[in-house]
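Here the structure comes first, spelled out in structure tokens, and everything after it is commentary.
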Amino acid sequence: MKISILIGTRPNFIKVTQFKKCAAILDPNIKITVIHTGQHYDEKMADVFFKQFNLLPDHYLNIAPASANKQIADIMIKLEELIDKIGKPDLLLVPGDVNSTMAGALFANKSGIKLGHIEAGLRSFDRTMPEEFNRIVTDELTDLFFITEPSGLEHLKNEKRDISKIHFVGNTMIDTMVAFENEIEASPVLKDLGINSAKFVLMTMHRPATVDNKAEFEKLIQLIEHVSINYMVVFAIHPRTIKNAKEFGLYDKITNNKNLICTEPLDYFAFQKLVKNCAFILTDSGGIQEESTFRQKPCLTLRPNTERPITVTEGSNTLLTFDIETVKSYIAKIEDGSYKKGKVPEMWDGKATERILKIISTKL
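Each residue of the sequence shown is one higher than the last, beginning at 56 in the numbering used here.
Below, the structure is given as structure tokens:
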């Protein structure tokens, strides 16, 4: 059996690290081919991730930076050229909700290839997010739905999907955390950043609603200034965030704060060591909501919605409007011990990849 996995961004890489290893153990007749579109074009960082995970793609499509429309078209064209050379797989597996995910789904549909979707059924119900459109289109074309949480099942049922094709398997991103726990613990990042206590806050902010608007960016600076009174703040800062800070005339507010450490994108082990050891997390990102829930680490997500509701209903994540006083009140709850503890969701146990492969073996 031939399975091709299409990845394009760093969050995608994290979700597929265990497939080749699990396939080799479960059934040597399962042949896994990993295809990297190049959607994330920081190849230096991509190479670091691949080396850490011992996951070198078998094929690169090498698409160039471009608009979403051109990227999706280029992926489909180059994927067709590649499949013509190497032969059709029995299944194309796509993780997540990025442009590469949807491009793979469209290609599979037009090429008569069965499609499996990892993280199927997640919905934010916010059509202003490009990821939401990618999720909906991908699930419209999917043959095997692999869901991470019960909300995925409910959404797919409401969309009248075939229940026999929906499989609750757990979270493959957690598989990676479990598999590399020793490497995460061994990361020297705390020493490298000069952090000698757990009294630091990890921050990631990159969504346009947060950093592309000057008024919102000024609120972000106010929040950093408040938090940094009592904590070191480690800000894993996106290049676009730096660019906007300079354009808004706010860059000095970042560089002059002695309790703020701005880092370039970190390798996986380093970032997970920070998640594991911080006091709490401030974010507008997606994956870290799940990572913090697995670590049972308080996470304040400055967004009105999430496609990962189990991190709120069962986990340690809280959605907040970006109101400084509201955020302060939740930080106070964390500090006085009244913030919720959360629990690790069902099947987030490091075995999701194995479950997916067993299902594929029986369904194809």
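The beta-carbon is built from N, C-alpha and C at its ideal position, and this holds for glycine as well.
Check your understanding: From Lys301 to Trp403, what does the alpha carbon distance come to, in whole angstroms?
Key -> Distance between Lys301 and Trp403, taken at the CA atoms: about 41 angstroms.
Review point. Per DSSP, what kind of secondary structure is Ile141 in: helix, strand or coil?
Key: In the displayed model, Ile141 falls within a helix according to three-state DSSP.
Check your understanding: Secondary structure at Cys333, three-state DSSP: helix, strand or coil?
Key -> In this structure, Cys333 counts as coil in the three-state DSSP scheme.
Review point. How would you label Leu111, buried or exposed, when you count the other beta carbons within 10 angstroms and need 16 or more for buried?
Key: Answer is exposed; the Cβ neighbour count stays below 16.
Check your understanding: Relative to the alpha-carbon of Met258, which residue among Met228, His293, Ala241 has its alpha-carbon at the smallest distance?
Key -> Minimum Cα distance to Met258 is reached at His293.
Point to revise | Contact set for Ala78: own chain, Cβ-Cβ below 7 angstroms, skip 5 residues either direction | key: Taken in chain order, the residues that qualify are Ile85, Ile87, Leu412.
Review point. Among Pro120, Thr72, Phe74, Val71, which residue has its Cα nearest to the Cα of Gly93?
Key: Of Pro120, Thr72, Phe74, Val71, the smallest CA-CA separation from Gly93 is found for Pro120.
Check your understanding: So which of Ile58, Met56, Ser59, Arg65 has the shortest CA-CA distance to Asp322?
Key -> The residue from Ile58, Met56, Ser59, Arg65 with its alpha-carbon nearest to that of Asp322 is Arg65.
Exercise for review: Per DSSP, which residues does Cys354 bridge with? Please list them.
Suggested key: DSSP output for Cys354 lists Ile336, Asn372 as bridge partner(s).
Check your understanding: Just how far apart, CA to CA, sit Leu315 and Leu278?
Key -> About 12 angstroms.
Review point. Run through DSSP, which three-state label would Ala291 get?
Key: Strand.
Check your understanding: Should Phe180 be labelled buried (16 or more other beta-carbon atoms within 10 Å of its own) or exposed?
Key -> Counting the other Cβ atoms within 10 Å of the Cβ of Phe180 gives fewer than 16, which makes it exposed.
**Study point:** Contact belief for Lys165 with Leu146 at Cβ below 8 angstroms, rounded distance in angstroms
**Key:** Not quite, the Cβ-Cβ distance comes to about 16 angstroms (not below 8 angstroms), so this is no contact.
Practice item. Quick one: give me the first and last residue of the beta strand (DSSP E) that Val399 is part of. Key: Bounds of any beta strand (DSSP E) do not take in Val399, whose DSSP letter is neither H nor E.
**Study point:** Assigned exposure category for Lys106 - 16 Cβ within 10 Å defines buried
**Key:** It is exposed - the Cβ of Lys106 has fewer than 16 other Cβ atoms within 10 Å.
Review point. Less than 8 angstroms separating the beta-carbons of Phe335 and Ile389?
Key: Cβ distance < 8 angstroms, so Phe335 and Ile389 count as in contact.
**Study point:** Proximity test, Ile90 beta-carbon vs the ligand GTP heavy atom, cut-off 7 angstroms
**Key:** The ligand GTP is not part of this structure, which contains no ligands at all.
Point to revise | Nearest-angstrom Cβ-Cβ length linking Gly63 and His95, presumed shorter than 8 angstroms | key: Rounded, the Cβ-Cβ distance is 7 angstroms, consistent with contact.
Review point. By DSSP, does Gly171 sit in helix, in strand, or in coil?
Key: In the three-state DSSP reduction, Gly171 falls in the strand class (E or B).
Exercise for review: Enumerate, from N- to C-terminal direction, the unbroken alpha helix (DSSP H) stretches of 4 or more residues contained entirely within the region 183-225.
Suggested key: Secondary structure in the region 183-225: the alpha helix (DSSP H) runs of 4 residues or longer, each lying completely within the stretch, are 185-195, 205-213 in chain order.
Check your understanding: In whole angstroms, what separates the C-alpha of Asp307 from that of Gln351?
Key -> Cα to Cα, Asp307 sits roughly 34 angstroms from Gln351.
Exercise for review: Please state whether DSSP places Ser283 in a helix, a strand or coil.
Suggested key: DSSP places Ser283 in coil when its eight states are reduced to three.
**Study point:** Three-state secondary structure assigned by DSSP to Thr92
**Key:** When DSSP states are grouped into helix, strand and coil, Thr92 belongs to the coil group.
Exercise for review: Just confirm the distance between the C-beta atoms of Asn299 and Leu245, as a whole number of angstroms; I'd bet it's less than 8 angstroms.
Suggested key: Your pair Asn299 and Leu245 does not check out as a contact, with CB atoms roughly 29 angstroms apart and the cut at 8 angstroms.
Check your understanding: Per DSSP, what kind of secondary structure is Met232 in: helix, strand or coil?
Key -> The three-state secondary structure of Met232, taken from DSSP, is helix.
Exercise for review: Could you name the residues of the same chain whose beta carbon sits closer than 6 angstroms to that of Glu186, not counting the 5 residues immediately before and after it, in chain order?
Suggested key: Hits under 6 angstroms: Asp152.
Review point. Taking the beta strand (DSSP E) that Met157 falls in, what are its first and last residues?
Key: Segment 154-166 is the alpha helix (DSSP H) holding Met157; no beta strand (DSSP E) there.
**Study point:** Candidates Leu196, Ile118, Lys140, Leu248: closest to Leu148 by CA position
**Key:** Of Leu196, Ile118, Lys140, Leu248, the residue nearest in Cα terms is Leu196.
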